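One line per chain: the protein sequences are A and B, in this order. Going by this note's numbering, the letters in the first sequence line up with residues 1429 to 1682, in that order. Going by this note's numbering, the letters in the second sequence line up with residues 1429 to 1682, in that order. We put the beta carbon where it would ideally sit given N, CA and C, even for glycine. All figures in this text were calculated on a predicted structure; none of them were measured in a lab.
There are 2 protein chains.
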Amino acid sequence: MTNTIYTRQHIIKAGATLEACITNASTRYNIKQTNSHRIFHTKESLFSAGEEFEGLYILRSGSAKSFITSLDGDEHITKFFYPGDLLGADGFDEHKYNENILFLETSSVCLVKESDLHNLVKTSDDFRSCLLRSMSHALVKDNSQMMCLNTCSSEQKVARFIIELSEQFHSLGLSCTKLRLSMTRTDIANYMGMAIETVSRILTSFQNKQVLSIKNRQLTILKLDTLYSLASKEQCSNDFCANTYTEKNIGAVY
Amino acid sequence: MTNTIYTRQHIIKAGATLEACITNASTRYNIKQTNSHRIFHTKESLFSAGEEFEGLYILRSGSAKSFITSLDGDEHITKFFYPGDLLGADGFDEHKYNENILFLETSSVCLVKESDLHNLVKTSDDFRSCLLRSMSHALVKDNSQMMCLNTCSSEQKVARFIIELSEQFHSLGLSCTKLRLSMTRTDIANYMGMAIETVSRILTSFQNKQVLSIKNRQLTILKLDTLYSLASKEQCSNDFCANTYTEKNIGAVY
DNA sequence: CGGTTACTTGAGTAGCATCAATCTAGGTGG
DNA sequence: CCACCTAGATTGATGCTACTCAAGTAACCG
């Protein structure tokens, strides 16, 4: 049964299910399963924009980032990936990958070759549903990310980023309050469309508010509910935002 | 043969091809074709977020916008649609539509019911490829839109918006220099993440620079190449941006 | 342990949003 | 057919968010 109740984090499930589907369907419909597993290390590349599309990858462990490059050479991070996530779905378009994937830590992936993919889509109802759902979910996430980029203040952006991460970790069965960031501050800033100094300042202000504590890459969320209210729009209008830059001056760490 | 050479605008082709695929495949594989055609008028809604997913729509004529609503009720336009575009692909995710679609003018659509969709994907190689390509292309476009929102100045955003529109029109066989905007300035501002006043000011500045002329919704591009350079990053750094707000004061319309 | 990369903090300012007022066009009803 | 009304668009003045530049500190790696 694939009729699970779908939550906000279900891309993970969909991803996990995808892999299950592959195993199931391969044996059931007697499809020669050629999906290979590989391990990569920090800063290694899975593929780059322009390379021939070979199939989809499922991230099994670790984490990665995808980025595209503008004509003038600067890079923009489009997404961070965690176990269960699908990599390379943008490759169907022109039959070559559209983005670059770099691993943020030691990670393992599993390749589903294009030919297998088509067989699986044809024969397995589960797999077909999973794949469509997974790509569809990516579109949904893109929309909400775009809305955030367009309408959120920097403070809200950082709060949202941390919450998203926390939920992601939670859905993977990890702690949602104690997390290790696998990306740099620069990566976060780039992804969220802000200056690295702003990210740093806001994280410091969150620490001053006792909302979280962060040392290097080790993040502990102290007040999850406050973080949520910082991420929502109404909350911000009066005090919080204004204080981000000035609170040191009025000297208060209540 | 679906192995066309893919250009920037090929989502149109893919959309068009999609429809062709449906017709072909339906007759060839004897699939009961239940896709219905309907006509909508300005400001009418195709579906709203949360409604049960029934299938995909292909826009045949006219134009539409999609938007999502945040918790505090404000709306954010996520995309504009033109003939050939696929509507509702985000519905696979939770089996309900995720966004709202409103038509910007009198338009017609064609529904491909979910059941038909699955049959087509199973039986028709062409249709399957088209669908995957189409969804994949949406992901690619999202990425470039996000990069634009994150890194472009307001001037670049407006320039890019117009160029995108021009290319869209061109790929539809219409003039790429004389176009009628089907959306309001407010819509453009919302989509591009800026204030409506800023959009208006920049359009005025483009007119002063003789790059384009715009009267109400009727836009004529006078210098396409200049527009392209305004949209690229390097160009902006020195003169143009600084002058956007001040050029009137120094009084010059060279 | 020197060199590089990552991060923090401060000061100054530009770009753009906001507020407010005016203008225009399209639609409606008397 | 004209006067009115409302939504859409323009233009100006002002202020704030967040970027840039700059300098210093901390962590990491060979």
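Please list, in chain order, all residues of the same chain as residue i whose beta carbon is under 8 Å from its beta carbon, the five residues on each side excluded.
i               : result
V1639 (chain B) : I1649, L1650, K1651, T1654, L1655 and L1658
Q1635 (chain A) : S1641 and I1642
I1496 (chain A) : A1477, E1503, H1504, T1506, N1526, E1527 and N1528
S1603 (chain B) : F1597
Can you check which of these residues, the options, is closest to residue i by C-alpha distance?
i               : options                               : result
C1538 (chain A) : A:Y1485, A:F1475 and A:H1598          : A:Y1485
N1528 (chain B) : B:E1522, B:D1518 and B:S1536          : B:D1518
A1448 (chain A) : A:F1475, A:R1613 and A:G1512          : A:G1512
L1560 (chain A) : B:H1523, B:S1572 and B:S1594          : B:H1523
S1628 (chain B) : B:A1617, B:K1637 and B:G1621          : B:A1617
R1556 (chain A) : B:I1591, B:F1520 and B:V1586          : B:F1520
G1621 (chain B) : B:T1632, B:A1587, B:L1577 and B:I1590 : B:L1577
E1480 (chain A) : A:L1499, A:G1501, A:Y1525 and A:D1500 : A:Y1525
L1514 (chain A) : A:S1498, A:L1499 and A:L1487          : A:L1487
S1498 (chain A) : A:A1477, A:D1615 and A:K1637          : A:A1477
S1599 (chain A) : A:K1471, A:Y1510 and A:S1473          : A:Y1510
Leaving out five residues before and five after residue i in sequence, what residues of the same chain have Cβ atoms less than 6 Å from its Cβ?
i               : result
Q1619 (chain B) : The sequence given here has Tyr at residue 1619 (chain B), not Gln. Counting only Cβ-Cβ distances below 6 Å, and skipping sequence neighbours, we find I1505.
F1508 (chain B) : K1493
T1605 (chain B) : I1649
H1469 (chain A) : T1534
L1631 (chain A) : I1642
S1464 (chain B) : L1539
I1624 (chain B) : R1613, T1614 and A1617
T1626 (chain A) : S1582
N1644 (chain B) : none
S1473 (chain B) : L1530
Which residue or residues does DSSP assign as beta-bridge partners of residue i?
i               : result
L1647 (chain A) : A:L1607 and A:I1642
C1538 (chain B) : B:H1465 and B:I1486
E1503 (chain B) : B:T1497
E1480 (chain A) : A:K1524
A1587 (chain B) : DSSP output for A1587 (chain B) lists no bridge partner at all.
I1529 (chain B) : B:F1475 and B:S1494
F1509 (chain B) : B:A1492
L1577 (chain B) : Answer is none; L1577 (chain B) lacks a bridge partner.
L1722 (chain B) : Any answer about residue 1722 (chain B) is impossible in this case: the structure gives chain B only from 1429 up to 1682.
Rounded C-beta distance between residue i and residue j? I'm assuming under 8 Å.
i               : j               : result
T1534 (chain A) : G1490 (chain A) : 6 Å
M1611 (chain A) : L1530 (chain A) : Not confirmed; about 10 Å, so no contact.
S1466 (chain B) : S1543 (chain B) : For the record, residue 1466 (chain B) in the displayed sequence is Arg; it is not Ser. No, R1466 (chain B) and S1543 (chain B) are not in contact; Cβ-Cβ is about 18 Å, not under 8 Å.
M1574 (chain A) : M1575 (chain B) : Incorrect: roughly 11 Å between the Cβ atoms, too far for contact.
S1572 (chain B) : L1446 (chain B) : Incorrect: roughly 22 Å between the Cβ atoms, too far for contact.
L1567 (chain A) : L1609 (chain B) : That pair is no contact at about 25 Å.
F1475 (chain B) : G1501 (chain B) : Rounded, the Cβ-Cβ distance is 19 Å, inconsistent with contact.
K1541 (chain B) : K1550 (chain A) : At roughly 19 Å, the Cβ-Cβ gap does not stay under 8 Å, so K1541 (chain B) and K1550 (chain A) are not in contact.
Using a Cβ cut-off of 7 Å, pull out every chain A residue sitting near residue i, in sequence order please.
i               : result
L1577 (chain B) : M1574, L1577, N1578 and G1621
V1568 (chain B) : D1518, D1521 and N1526
T1506 (chain B) : N1571 and M1574
For residue i, I'd like the list of residues in its chain whose CB is within less than 7 Å of its CB, leaving aside the five on either flank, ordered along the chain.
i               : result
L1607 (chain B) : L1593, S1594, F1597 and L1647
L1545 (chain B) : G1483 and L1484
R1588 (chain B) : C1576, C1580 and A1659
K1585 (chain B) : C1576, M1620 and M1622
I1591 (chain B) : L1655, Y1656 and A1659
Which residues in chain A have a C-beta closer than 8 Å to the C-beta of residue i? List them in chain order.
i               : result
I1496 (chain B) : N1571, S1572 and M1575
T1654 (chain B) : Chain A residues near T1654 (chain B): none, gap ~17 Å exceeds 8 Å.
H1546 (chain B) : D1553 and R1556
Mind listing the chain A neighbours of residue i? Cutoff is C-beta to C-beta under 9 Å, in chain order.
i               : result
V1549 (chain B) : V1549, K1550, R1556 and L1560
M1611 (chain B) : None at all; the shortest Cβ gap to chain A is about 16 Å.
S1581 (chain B) : What S1581 (chain B) touches in chain A: nothing, since even the nearest Cβ is about 12 Å away.
S1594 (chain B) : Per Cβ cutoff of 9 Å: no residues; S1594 (chain B) is ~18 Å from chain A at best.
Going along chain B, which residues have a C-beta under 9 Å from residue i?
i               : result
S1750 (chain A) : Not covered by the structure: residue 1750 (chain A). The range shown for chain A is 1429 to 1682.
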